[in-house]
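Chemist: Here it is, the structure, as C-alpha cells.
Number of protein chains: 2
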Amino acid sequence: MHSFHFVVSIVVLLLTRGWGAAQVPLPTWNEGAARQAIFDFVAKVTEKGSPSFVPIADRIAVFDNDGTLWPEQPMYVQLSFALDRVKTLAPQHPEWKDHEPFASLLKGDMKAVLAEGERALAEIVMATHAGMTTEEFDRIVSDWITTARHPKSGKLYTEMVYLPMLELLSYLRNNGFKTFIVSGGGIEFMRPWALRVYGIPPEQIIGSSIKTRYERRNDRPVIVRLPELNFVDDKSGKPLGIQQHIGRRPIAAFGNSDGDFEMLEWTTSGNGTRFGLIVHHTDADREWAYDRQSSVGRLDKALDQAKSRGWNLVDMKHDWKIIYRVE
Amino acid sequence: MHSFHFVVSIVVLLLTRGWGAAQVPLPTWNEGAARQAIFDFVAKVTEKGSPSFVPIADRIAVFDNDGTLWPEQPMYVQLSFALDRVKTLAPQHPEWKDHEPFASLLKGDMKAVLAEGERALAEIVMATHAGMTTEEFDRIVSDWITTARHPKSGKLYTEMVYLPMLELLSYLRNNGFKTFIVSGGGIEFMRPWALRVYGIPPEQIIGSSIKTRYERRNDRPVIVRLPELNFVDDKSGKPLGIQQHIGRRPIAAFGNSDGDFEMLEWTTSGNGTRFGLIVHHTDADREWAYDRQSSVGRLDKALDQAKSRGWNLVDMKHDWKIIYRVE
Chain A
438 MHSFHFVVSI VVLLLTRGWG AAQVPLPTWN EGAARQAIFD FVAKVTEKGS
488 PSFVPIADRI AVFDNDGTLW PEQPMYVQLS FALDRVKTLA PQHPEWKDHE
538 PFASLLKGDM KAVLAEGERA LAEIVMATHA GMTTEEFDRI VSDWITTARH
588 PKSGKLYTEM VYLPMLELLS YLRNNGFKTF IVSGGGIEFM RPWALRVYGI
638 PPEQIIGSSI KTRYERRNDR PVIVRLPELN FVDDKSGKPL GIQQHIGRRP
688 IAAFGNSDGD FEMLEWTTSG NGTRFGLIVH HTDADREWAY DRQSSVGRLD
738 KALDQAKSRG WNLVDMKHDW KIIYRVE
Chain B
438 MHSFHFVVSI VVLLLTRGWG AAQVPLPTWN EGAARQAIFD FVAKVTEKGS
488 PSFVPIADRI AVFDNDGTLW PEQPMYVQLS FALDRVKTLA PQHPEWKDHE
538 PFASLLKGDM KAVLAEGERA LAEIVMATHA GMTTEEFDRI VSDWITTARH
588 PKSGKLYTEM VYLPMLELLS YLRNNGFKTF IVSGGGIEFM RPWALRVYGI
638 PPEQIIGSSI KTRYERRNDR PVIVRLPELN FVDDKSGKPL GIQQHIGRRP
688 IAAFGNSDGD FEMLEWTTSG NGTRFGLIVH HTDADREWAY DRQSSVGRLD
738 KALDQAKSRG WNLVDMKHDW KIIYRVE
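These protein sequences, in sequence, are chains A and B. The number in this note's numbering is simply the position in the first sequence, starting from 1, with 437 added. The number in this note's numbering is simply the position in the second sequence, starting from 1, with 437 added.
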C-alpha cells in the first residue's frame with residue numbers, strides 16, 4: 438500500500454499543478470516589494486485552516502485593461518481602431534468630407550479632431566461601432582486586431598500586452614482565482630481576442646457598452662448594435678459593472694489610473710484579506726512615463742492615496758525585466 | 438510498470454468522473470423522447486472527432502428560472518417576496534394605509550391590487566427592492582428565502598425546485614457545460630441562494646435589474662439600489678442579456694413560456710448542434726397544469742412552433758417521476 442499512496446500522490450500532484458510546477462512564478466518580475474506583496478497575498482488566501490483563507494469560489498480578481506494589461510499611449514487602442522475604421526468606411530460616406538469631425542480626421546488632422554471635444558469622439562465611436570450586428574462587429578474587430586500595428590513600435594497590439602501581467606493572470610488562475618477584465622473600453626471590442634491573448638473568456642469581460650436590439654434580418658435573428666450609450670464602465674461605474682456582472686465583491690483589483698480608483702476602493706474595503714495594485718508607468722525608454730499630468734490614463738488621486746489605503750505600486754521600470762509579450 | 442499504469446488509470450478515472458459515476462444520469466426522468474433527446478444531444482457535442490463536437494469553452498447552457506427550475510404558481514415567488522416585504526415595512530409607512538396599491542394589499546385584497554395594473558406592481562416592486570444597499574438587499578432576500586413558505590404546499594420555496602432539472606443541471610456540468618440562469622426575475626433576487634440551490638454562482642445569473650449608484654454611507658463605499666428600471670430580461674431582452682453577460686451564443690436553452698421564445702430562437706438558430714427544450718406544465722395533481730390561457734407563464738406561440746423549430750417538450754406529468762427536490 439505504501440507504493441500505491443506514493444503513486445497516487447504523484448498523480449494528484451501532476452494533475453493539479455501541471456508538469457511545469459517547479460518553475461518559480463512571475464519570472465519576469467524583479468525581486469522587490471510588488472512581487473513579494475503578490476506572493477504574500479496569494480499565500481494568505483490559499484493557506485487552508487488560516488483565518489485569512491478564502492474559498493476558491495470567492496477568489497475573484499479584476500483587471501483594468503488599458504494601461505494595466507496593454508499600453509494606452511499615444512492613444513487608446515480602441516480609438517486607433519475607430520480612426521482606422523473611419524478611413525475604411527469613408528468611400529461609403531462621401532458626406533464625411535464636409536462634416537466634422539470626419540473631415541479633419543480624413544485629412545489626418547488629429548489635433549483638430551480632438552479640439553472638437555467629447556461630442557466629436559462620441560460621433561466617431563457611434564459611426565464605427567453601431568449599425569452592424571454583434572457577429573459582424575466581432576468579425577470587424579477580429580480582422581483589425583490581427584493586422585493593425587502600433588504607430589510607434591510597429592508591433593501588433595496583442596504583441597504589446599505586458600508579459601509580467603500575463604504571468605500574474607496565470608499565477609492567480611493557477612491558485613484558484615477567476616480573472617475578470619473590468620475596463621472603460623468597449624465590452625465587445627475586447628471579447629473577440631481576450632481569450633486567445635489573456636486566457637479570459639467573453640463572459641468574464643466587463644466594459645462599456647452601447648444599446649442593442651433583437652430583430653430579424655434576412656429571416657435570421659440578429660442582435661443589432663445601436664448608436665446609443667448603454668453603460669460607461671469607468672470610475673464609479675466600475676463597481677456597478679462588477680456588481681451587475683459578477684454579483685460579488687472581488688478580493689483583488691489591478692489598475693493604473695484614477696479611472697480605477699473606485700474599483701480599487703470597492704475591492705479593498707471589503708472584509709477579510711484584500712489586495713490592490715497600481716501599475717505605475719515609469720519607463721519612458723521601454724514604454725511610457727506618465728501619471729498626474731497625462732490626459733490619457735491620468736494617475737493622481739489614486740497615487741496620493743495608495744500608501745494610506747495599502748495599495749501596492751508597480752514601478753514598471755524597476756519591477757519588470759521585460760515589458761511586452763513580444764520584445 | 439503494469440501496476441503503476443493500472444493505479445494511474447484508476448486514480449485518473451476517480452478524479453475525473455467522481456466516485457458515483459456508475460449511476461445512470463437523470464434518474465428521476467422517465468424513459469421517453471425528452472430524456473433521450475437530452476442524452477443524444479450531450480453525446481453529439483461531447484464525442485471527440487465527430488463533426489458535431491463542441492469544445493468545452495463553447496458549451497454554454499441557459500435556463501429560465503420561474504416555471505423552468507421552480508414553480509411560478511399561483512404567483513411568481515418574487516411577487517410573494519414583495520408582498521411579504523410590504524407587510525414587514527408597513528409600520529414604517531403609515532401613509533400606505535390610504536395609498537393604493539398598498540392599502541388593498543395590506544387589507545389582503547389581492548384582486549384589487551392586481552386590478553390596479555402594472556404600474557401598481559411596479560410601485561410595489563420599487564418600494565420593496567430599492568433604497569437599500571446591495572449588501573442589505575442580499576441579507577433581506579437570504580433571510581426571507583430561508584423562512585418563507587409556499588401558500589399551497591407549505592414547503593420552503595427552495596424545497597420546490599424541480600429535482601429532474603437539478604439532475605439536468607448537474608448532468609450538463611459533468612459534461613463540461615457552463616450553466617447560466619437567464620430569468621425575467623430580479624438578478625439580485627436570485628443570486629443570494631442560486632449557488633446553494635442550483636450550484637450556479639452569482640456571475641452566471643442574468644436577470645432584470647434596477648439602476649444602482651456608488652456612494653459613501655458611514656464613511657464606507659456602498660452600492661445603493663435606485664427605484665428606476667435598468668433592464669428587463671424577458672422576451673427579446675433575453676438574447677440581449679445573454680449577449681451582454683455571456684458574450685457568445687449558447688448551444689442549449691431551457692424555458693417554459695413565451696417569455697423564453699426569443700432565447701430559444703436565438704440559441705437554436707446558431708450554426709452547429711443546438712438544443713431547445715420547453716417544460717410543459719401538465720401535472721395538475723403534483724404541480725399545476727397551464728399553458729395558452731395562463732396570465733403567469735403563458736405558453737402559446739412557443740408551443741405552436743416547438744415542432745417546426747425542433748424544440749423538445751417535457752411533459753411534466755409523464756416525463757418526471759418526482760417533481761420537487763423535497764417531496
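Just so you know, even glycine gets a beta-carbon here, dropped at the ideal spot from N, CA and C. Just so it is clear, the structure is predicted and the values come from calculations on it, not from any experiment.
(1) Taking only beta-carbon atoms, is residue 725/A less than 8 Å away from chain B?
(2) Give the straight-line distance between the Cα atoms of residue 674/B and residue 751/B, rounded to the nearest whole angstrom.
(3) Closest to residue 510/A by CA distance: which of 542/A, 693/A, 640/A and 660/A is it?
(4) Using a Cβ cut-off of 7 Å, which residues of the segment 661 to 687 of chain A contact any Cβ in chain B, in chain order?
(5) Under 8 Å between C-beta atoms, does residue 703/A make it to chain B?
(6) Kindly identify the DSSP beta-bridge partner or partners of residue 684/B.
(7) Check distances from the C-beta atoms of the segment 476 to 501 of chain B to those of chain A and list, in chain order, the residues that come in under 9 Å.
(8) Are there three or more Cβ pairs, one per stretch, closer than 8 Å when the segment 642 to 657 of chain B is compared with the segment 539 to 556 of chain B?
(9) Do you know how far the Cα of residue 722/A is from the Cα of residue 578/A?
(10) If you drop the 5 nearest sequence neighbours on each side, which residues of the same chain put their C-beta closer than 8 Å to that of residue 513/B?
(11) Determine the closest residue to residue 558/A out of 542/A, 568/A and 572/A, with distance taken between C-alpha atoms.
(12) In terms of DSSP beta bridges, what is residue 652/A paired with?
(13) If we call anything under 8 Å between Cβ atoms a contact, is residue 496/A one with residue 617/A?
(14) Can you list the residues of chain A that residue 699/B reaches, using a CB-CB cut of under 9 Å?
(15) Contact criterion: CB-CB distance below 8 Å. Does residue 586/A meet it with respect to chain B?
(16) Could you spell out where the beta strand (DSSP E) holding residue 499/A opens and where it closes?
(17) For chain A, find out if any of its Cβ atoms is closer than 8 Å to the Cβ of residue 555/B; answer yes or no.
(18) Around the C-beta of residue 493/B, are 16 or more other C-beta atoms found within 10 angstroms, so that it is buried, or is it exposed?
(19) Three-state secondary structure (DSSP) at residue 725/B?
(20) Just the Cα atoms here: how many angstroms apart are residue 575/A and residue 610/A?
(21) Looking at chain B, is there any beta carbon in it that lies within less than 8 Å of the beta carbon of residue 638/A?
(22) Whole angstroms is fine: what's the gap from residue 501/A's alpha carbon to residue 508/B's?
(23) Let me check understanding here. Comparing Cα to Cα, which of 699/B, 658/B, 526/B and 660/B lies closest to residue 793/B?
(24) In whole angstroms, what is the alpha-carbon distance linking residue 667/B and residue 703/A?
(25) With 16 as the cutoff for other CB atoms within 10 Å, does residue 655/B come out buried or exposed?
(26) Would you list the one or two residues that DSSP bridges to residue 615/B?
(27) Which full runs of the alpha helix (DSSP H) of 4+ residues lie inside the segment 514 to 585 of chain B, going along the chain?
(28) Residue 714/B bridges to which residues according to DSSP?
(29) Determine the direct distance from the alpha carbon of residue 637/B to that of residue 631/B, and round the result to whole angstroms.
(30) Quick one: what does DSSP say residue 503/B is sitting in, helix, strand or coil?
(31) Can you tell which of 681/A, 758/A and 463/A has the C-alpha that lies nearest to the C-alpha of residue 606/A?
(32) Could you name the residues of the segment 569 to 584 of chain B whose beta carbon sits closer than 7 Å to any beta carbon of chain A, in the order they occur along the chain?
(33) Exposed or buried, residue 490/B, counting other C-beta atoms within 10 Å across all chains shown (16 or more means buried)?
(34) Considering residue 629/A, what are the terminal residues of the alpha helix (DSSP H) in which it resides?
(35) At a Cβ threshold of 8 Å, is residue 642/A touching chain B?
(36) Could you tell me which chain B residues have their CB closer than 7 Å to the CB of residue 706/A, listed as they occur along the chain?
Modeler: Quick look at the numbers:
(1) no
(2) Rounded to whole angstroms, residue 674/B to residue 751/B spans 24 Å at the Cα level.
(3) If you compare the alpha carbons of 542/A, 693/A, 640/A and 660/A with that of residue 510/A, the shortest gap goes to 693/A.
(4) Answer in chain order: 673, 676, 677, 680, 681, 682, 683, 684 and 685.
(5) yes
(6) According to DSSP, which records beta bridges pairwise, residue 684/B is partnered with nothing at all.
(7) 494 and 497
(8) Contact fails: fewer than three Cβ-Cβ distances are below 8 Å.
(9) 30 Å
(10) Hits under 8 Å: 503, 622 and 733.
(11) 542/A
(12) 659/A
(13) no
(14) Ordered by position in chain A, the residues that pass the 9 Å Cβ test against residue 699/B are 651 and 658.
(15) no
(16) 497 to 500
(17) no
(18) The residue is exposed, with fewer than 16 neighbouring Cβ atoms inside 10 Å.
(19) coil
(20) For residue 575/A and residue 610/A, the distance between alpha carbons rounds to 26 Å.
(21) yes
(22) Rounded to whole angstroms, residue 501/A to residue 508/B spans 40 Å at the Cα level.
(23) Outside the modelled stretch of chain B, which goes from 438 to 764, sits residue 793/B, for which no answer is possible.
(24) Taking the straight line from one Cα to the other gives about 21 Å.
(25) exposed
(26) Its beta-bridge partners are 497/B.
(27) 514 to 526, 539 to 543, 547 to 552, 555 to 566 and 571 to 582
(28) 691/B and 749/B
(29) 6 Å
(30) Looking at residue 503/B - three-state DSSP - the assignment turns out to be strand.
(31) 463/A
(32) 571
(33) Residue burial annotation: residue 490/B is exposed, with fewer than 16 other C-beta atoms found within 10 angstroms of its C-beta.
(34) 624 to 635
(35) yes
(36) 657 and 658
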